[in-house]
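Worksheet: one structure, shown below.
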Amino acid sequence: MTSSLALASTTFIYALASVFYIGSFAFKKQVLAKIGFIVLVIGFLDNTVGIILRWIESYQIGYGHAPFANMYESLVFFSWTVAILYIFVELKYKESIIGVFVAPLVFLAIAYASFDPNISNKISPLVPALKSNWLIAHVITCFLGYAGFAVSFGFSIMYFIKPKKSESTSIFAKLPSFDLIDELIYQMVVFGFLFLTIGIITGSVWANSAWGKYWTWDPKETWSLITWFVYAIFMHLRMMRGWHGKNLAWVSIIGFMAVLFTYFGVNNLLSGLHSYG
Amino acid sequence: MKKNQTIPDLIWQFFCSVKLTIYTLLLLATTSIVGTIILQNGDPRQYVQEYGEGFYNLIKIFNIDDMYHAWWFLALIVILCINIVVCSIERLSTTWKVIFPKKIKFNPDRFRKLKNRQLFPMENDVHSLSTTCEKFLSKCVGKVIKEQTASGVVLYAEKGRWTRIGVYIVHSSILLLLVGALIGSLFGFKANMNIDEGVTSNTAFNTKLKLPIHLGFSIRCDDFEVKFYDTGAPEDFRSTLTIIENGKESFTKDIRVNHPLRYKGINVFQSSYGQARSSQPDSITLGILQKNTGLETTHSLKIGQQVQLPDDNGVFRLDKFETHFNFKKNDLGQAFVGTLTNKEGDSLIIGLPLRFPTFDKMRKGAFAFSVAALNQKYYTGLQVTKDPGIWFVYTGFILMIIGCWITFFMSHQSYLIEIIKKQDSESDIYISGTTNRNTQSLKLKVNSMANKLKGK
Ligand code: HEM
């Protein structure tokens with residue numbers, strides 16, 4: 002088996018998991034969500050195998066680096082982190098229906114990596130500046146952070162489509178209580194914030210060891226700081242100003258927009274030191 | 233304006249509010265976007281060309297061409313700092329008493345009103361239940377305070393009181409980071425230094441202002457090497473540097489990207505390279521063609537070195553480099569000049585003009601020499617930095633992570649178990665808890681404690 006085979010199959014398994022989750026939601030069948038979860042876990046395992054194989058293959062080619070070195074690899078890893086985080090949440094909170102809002106995100110990220118013709122899945126050599134253990138720490142923590150924000154974004158959407166009246170017969174009425182959604186959004190933001198903080202810090206330490214400056218206001222750095230500010234605002238609004246519910250869900254959605262811009266927008270629209278997400 | 237409020241009071245109140253924090257953070261976030269869109273530290277002409285004369289004036293007034301160091305951006309950061317300091321002072325006076333109380337007090341009534349309160353009957357008397365519960369509570373939570381009530385007994389225990397300090401750790405870490413940044417920008421520098429191979433220098437040039445900075449020691453570049461992947465992308469840059477202090481060689485070290493040299497608070501990074509401009513080439517790859525067989529061999533040769541010819545046919549020595557090589561009164565331009573000495577000891581001067589690679593083929597003789605490649609000298613581009621604030625910044629980093637961890641995942645929790653006598657060997661047990669954060673997980677904890685107690 003090769004990594005490309007493993008990752009291609011991962012894409013389809015994630016697609017299948019999304020279909021099951023959406024089906025469970027549309028037809029109000031709990032069983033489908035249970036199957037969806039199992040499929041998602043299988044996809045996640047396949048995803049893991051793909052990443053490990055790619056790591057090994059890079060050593061066989063002779064480049065020898067961790068598979069976090071270009072846009073393709075980072076998107077594959079992004080899917081992986083969102084998947085593991087969601088699996089964790091579903092096991093902890095035992096609410097399978099919320100998978101409807103997360104499984105498609107997992108699928109979309111890896112599908113984008115596989116199908117966008119601008120994203121090459123070649124294993125390429127590392128330029129000297131990227132050869133650092135800090136790179137691995139930086140990428141892993143940043144992506145755990147992004148994953149937390151992505152899941153929190155999915156949950157925030159839930160807040161807006163759940164009907165206000167509890168006796169409503171719409172399919173959305175089966176969603177978890179507003180209190181629980183609120184709690185979930187907050188927990189995911191906290192998780193994301195902690196890791197984004199560590200991600201920015203490891204990035205700074207790395208920049209300091211490669212270029213002698215821990216902060217240069219490079220667009221990518223600046224945007225990650227903007228994202229950090231947005232979520233810091235989120236936290237203070239909740240803890241000090243007592244914000245909850247819809248208003249706070251909006252802040253989390255804006256925060257995720259900042260994440261997306263940091264990840265994609267900066268590379269495509271602005272210029273700077275970072276060669277990929 | 234309320235009466236009896238002096239101006240300083242109003243200022244204090246202004247800085248005391250969390251609204252200010254939120255608005256300032258919002259302003260920082262939105263204005264930061266500008267600097268990622270508009271070019272920073274560019275040439276004035278670029279701005280005029282891109283945005284026109286009028287808009288360029290606006291850019292100059294607000295320093296948008298270097299906005300992260302503009303007065304208004306720094307002012308926002310200063311406001312945040314004052315905000316944190318004022319708020320912390322204001323709140324610490326009360327929080328301090330909560331964190332370090334003279335005696336831990338609790339109010340059972342408060343626990344009786346809590347939503348997460350659970351009730352279950354047990355078939356045992358108050359006394360023996362209270363010993364079981366006390367043991368349980370002290371194992372689960374911590375030191376237990378026991379008090380008699382009219383109808384039974386209450387047991388109180390708490391943990392994590394100190395975690396209330398977490399927020400202050402986070403906020404002081406931010407101050408520490410900014411202090412470190414300030415120290416760095418006042419007493420540090422960032423400079424560039426290009427050194428040709430074999431050359432020694434003690435002066436770097438400030439990246440922005442191009443002013444010379446004397447390092448207090450000299451750096452000699454002994455060697456520079458760049459390696460490429462098959463794809464042509466660079467794989468590694470390496471410079472061998474020798475530090476020279478007071479005329480004496482101190483030590484030699486190889487530096488690579490990500491592996492800088494640090495000496496006396498100054499960091500030397502590999503940042504670029506190029507072909508040495510002014511220097512004359514001093515080594516070549518020499519091609520030797522054996523005319524009767526047509527075989528060509530190559531040898532790397534420095535000025536002053538010599539090479540044995542095939543089959544013991546004598547030696548060739550590379551003598552010098554000439555910018556104007558004169559051949560029969562013609563100027564052939566740049567050339568290397570060497571001496572061929574045959575077995576018998578006769579020598580012959582041989583010119584190898586760079587512009588005419590096959591020049592020597594016209595000469596009669598068993599061998600023809602040529603310059604197959606010029607081994608150009610490189611210069612190494614070093615980035616030299618000094619940042620005495622770095623340890624403040626790194627301490628800030630560590631404190632921020634620790635502080636965030638404490639704030640997010642730890643809390644000050646207190647639990648109360650109340651045992652009320654119903655009959656001689658029948659009692660009611662109430663259990664409830666309260667916390668300053670993460671109410672949801674505390675609720676789960678109370679539930680699980682209740683279940684465990686029921687099992688006893
Ligand atoms: C970006 C810079 C920040 C500024 C300017 C700032 C400022 C403030 C201020 C003025 C307060 C109210 C006063 C107080 O309770 O001491 C506050 C409260 C708080 N801040 Fe921050 N803060 C910042 C970053 C953070 C971060 C990164 C965290 C994440 C852990 C955080 C967590 C909190 C918490 C939990 C409170 C509530 C304190 C309480 O419950 O008593 N702050 N912040």
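Chains A and B are the protein sequences, given in the same order. Quick note, this note's numbering runs 1 ahead of the 1-based positions in the first sequence. Quick note, this note's numbering runs 232 ahead of the 1-based positions in the second sequence. Each residue gets a CB set at the ideal place from its N, CA and C atoms; glycine is no exception.
task = For chain A, find out if any of its Cβ atoms is closer than 9 Å to the Cβ of V250 of chain B; answer yes or no.
result = Here the question's residue 250 of chain B lines up with position 18 in the second sequence. Yes, because at least one Cβ of chain A sits closer than 9 Å to the Cβ of V250 of chain B.
>> Can you tell me where the beta strand (DSSP E) holding V603 of chain B begins and where it ends?
In response: Within the second sequence, residue 603 of chain B is the residue found at index 371, counting from 1. Element bounds for V603 of chain B: 599 to 606.
(request) Can you pull the chain A residues whose beta carbon is under 7 Å from the beta carbon of Y300 of chain B, in chain order? (result) Counting from one through the second sequence, the residue named residue 300 of chain B turns up at place 68. Result: W218.
| Closer than 8 Å, Cβ to any Cβ of chain B: which residues of the region 217 to 237 of chain A, in chain order? | Here the close residues are W218, P220, T223, W224, L226, I227, F230, V231, A233, I234, H237.
8 Å contact criterion, which F108 of chain A and A27 of chain A should meet: CB distance rounded | The residue labelled residue 108 of chain A in the question sits at position 107 within the first sequence. The residue labelled residue 27 of chain A in the question sits at position 26 within the first sequence. That belief does not hold up - the Cβ atoms of F108 of chain A and A27 of chain A are roughly 17 Å apart, past 8 Å.
Terminal residues of the continuous alpha helix (DSSP H) containing Y64 of chain A? As a first step, residue 64 of chain A must be located in the first sequence, where it is residue number 63. Note, Y64 of chain A: premise wrong, no alpha helix (DSSP H); not H, not E.
- Is G63 of chain A buried or exposed, if buried means 16 or more other CB atoms sit within 10 Å of its CB? For the purposes of this step, residue 63 of chain A is taken as residue 62 along the first sequence, with counting starting at 1. It is exposed - the Cβ of G63 of chain A has fewer than 16 other Cβ atoms within 10 Å.
If you draw a straight line from the alpha carbon of V90 of chain A to that of S664 of chain B, how long is it in whole angstroms?
Here residue 90 of chain A refers to the residue found at position 89 of the first sequence. Here residue 664 of chain B refers to the residue found at position 432 of the second sequence. Going from the Cα of V90 of chain A to the Cα of S664 of chain B covers about 26 Å.
* Of all the options B:N562, B:L584, B:E576, B:K561, which has the alpha carbon lying nearest to the alpha carbon of V569 of chain B? -> Numbered from 1 along the second sequence, position 337 holds the residue referred to as residue 569 of chain B. Of B:N562, B:L584, B:E576, B:K561, the smallest CA-CA separation from V569 of chain B is found for B:L584.
Cβ distance (whole Å) where F235 of chain A is taken to contact L249 of chain A below 8 Å
Locating residue 235 of chain A in the first sequence gives position 234, where the first residue counts as 1. Locating residue 249 of chain A in the first sequence gives position 248, where the first residue counts as 1. So it is a contact: roughly 7 Å between Cβ atoms.
Our contact map puts T530 of chain B next to L518 of chain B with C-beta atoms below 8 Å; I'd like the distance itself, whole angstroms only. As a position in the second sequence, residue 530 of chain B is number 298, starting the count at 1. As a position in the second sequence, residue 518 of chain B is number 286, starting the count at 1. Confirmed, Cβ separation roughly 7 Å.
**Q.** DSSP state of G635 of chain B mapped onto helix, strand, coil
**A.** Along the second sequence, read from residue 1 onward, the residue named residue 635 of chain B stands at position 403. If DSSP states are grouped into helix, strand and coil, G635 of chain B belongs with the helices.
Quiz prompt | Counted within 10 angstroms of its Cβ, other Cβ atoms place R344 of chain B as buried (16 or more) or exposed | solution = The residue given as residue 344 of chain B occupies position 112 in the second sequence. By the 10 Å Cβ count, R344 of chain B comes out exposed.
In angstroms with no decimal places, state the Cα-to-Cα distance between V190 of chain A and G149 of chain A. Counted from its first residue, the first sequence places residue 190 of chain A at position 189. Counted from its first residue, the first sequence places residue 149 of chain A at position 148. About 6 Å.
When we look at the beta-carbon of H301 of chain B and count the other beta-carbons within 10 Å, is it buried (16 or more) or exposed? Your numbering for residue 301 of chain B matches position 69 in the second sequence. Its Cβ having fewer than 16 others within 10 Å, H301 of chain B is exposed.
Anything in chain B within Cβ reach of W212 of chain A, meaning under 8 Å, just list it in chain order.
-> For the purposes of this step, residue 212 of chain A is taken as residue 211 along the first sequence, with counting starting at 1. Correct list: F501, S503, Q615.
request  = Output the boundary residues of the alpha helix (DSSP H) element that contains C313 of chain B.
outcome  = Your numbering for residue 313 of chain B matches position 81 in the second sequence. Taken as a continuous stretch (DSSP letters only), the alpha helix (DSSP H) holding C313 of chain B covers 303 to 331.
- Query: Within 9 Å (strictly less), CB to CB, does L35 of chain A reach chain B?
  - Reply: For the purposes of this step, residue 35 of chain A is taken as the residue at position 34 of the first sequence. It is Lys, not Leu, that sits at residue 35 of chain A in the sequence shown. For K35 of chain A, the answer is no, since every Cβ of chain B falls outside 9 Å of its Cβ.
Compare the C-beta of V152 of chain A with all C-beta atoms of chain B and state if any pair is closer than 9 Å. The residue given as residue 152 of chain A occupies position 151 in the first sequence. Closer than 9 Å: no.
Handout entry: Below-9 Å beta-carbon distance, G267 of chain B vs any chain A residue
Key = The sequence position of residue 267 of chain B within the second sequence is 35, counting from 1. Cβ-Cβ to chain A under 9 Å: yes for G267 of chain B.
Can we say the region 623 to 642 of chain B touches the region 198 to 208 of chain A, given the rule of at least three CB pairs closer than 8 Å? yes
- For chain B, is any of its Cβ atoms less than 9 Å away from the one on V103 of chain A? Reading the first sequence from its first residue, position 102 is the one you call residue 103 of chain A. Chain B has no Cβ within less than 9 Å of the Cβ of V103 of chain A.
At a cut-off of 8 Å, is H139 of chain A close to ligand 2 when judged by its beta-carbon and the heavy atoms of the ligand? Questions concerning ligand 2 fall outside what the structure shown contains, since the ligands it does hold are ligand 1.
inquiry  = Per the DSSP calculation, F246 of chain B is bridged to which residue(s)?
reply    = Counted from its first residue, the second sequence places residue 246 of chain B at position 14. None, per the DSSP bridge assignment.
Could you tell me whether the Cβ of R242 of chain A comes closer than 9 Å to any Cβ of chain B?
For the purposes of this step, residue 242 of chain A is taken as the residue at position 241 of the first sequence. For R242 of chain A, the answer is yes, since a Cβ of chain B falls inside 9 Å of its Cβ.
For chain A, find out if any of its Cβ atoms is closer than 9 Å to the Cβ of M233 of chain B; answer yes or no. Looking up residue 233 of chain B in the second sequence gives position 1. Note that M233 of chain B scores 47 on pLDDT, short of 50, meaning its location in the model is unreliable; the coordinates nonetheless yield the value given after this. So no, M233 of chain B is outside the interface.
- Task: List the DSSP bridge partners of E554 of chain B.
- Result: Within the second sequence, residue 554 of chain B is the residue found at index 322, counting from 1. B:A567, per the DSSP bridge assignment.
Can at least three beta-carbon pairs, one atom from the region 292 to 308 of chain B and one from the region 260 to 268 of chain B, be found at a separation below 8 Å?
yes
By alpha-carbon positions, which one of B:K675, B:L674, B:S646 ends up nearest to S370 of chain B?
Looking up residue 370 of chain B in the second sequence gives position 138. When each option's Cα is compared against that of S370 of chain B, the closest is B:S646.
Taking the continuous alpha helix (DSSP H) assigned at E366 of chain B, which residues delimit it?
-> Position 134 of the second sequence, counted from the start, is the residue given in the question as residue 366 of chain B. Its alpha helix (DSSP H) spans residues 358 to 372.
Considering only the beta carbon of each residue, do G420 of chain B and T617 of chain B sit closer than 9 Å? Here residue 420 of chain B is taken as the residue at index 188 of the second sequence, counted from 1. Here residue 617 of chain B is taken as the residue at index 385 of the second sequence, counted from 1. Cβ atoms of G420 of chain B and T617 of chain B: closer than 9 Å.
*If you draw a straight line from the C-alpha of T612 of chain B to the C-alpha of E429 of chain B, how long is it?*
The residue you call residue 612 of chain B lines up with position 380 of the second sequence. The residue you call residue 429 of chain B lines up with position 197 of the second sequence. Looking at the two C-alpha atoms, the distance is approximately 7 Å.
Other residues of its chain near D298 of chain B: CB distance less than 8 Å, five sequence neighbours each side excluded
Stepping through the second sequence from its first residue, residue 298 of chain B is reached at position 66. So the list reads Q272, N273, once near-sequence residues are dropped.
### Query
Bridge partners of P466 of chain B, per DSSP?
Here residue 466 of chain B corresponds to residue number 234 of the second sequence, with the count starting at 1. Note: P466 of chain B sits in a beta bridge opposite B:F460.
Test: Y400 of chain B CB closer than 9 Å to a CB of chain A:
Position 168 of the second sequence, counting from 1, holds the residue named residue 400 of chain B. With 9 Å as the cut-off, Y400 of chain B does not count as an interface residue toward chain A.
query: What does E184 of chain A reach in chain B if we use C-beta pairs closer than 7 Å?
result: The residue you call residue 184 of chain A lines up with position 183 of the first sequence. Within 7 Å Cβ-Cβ: Q672.
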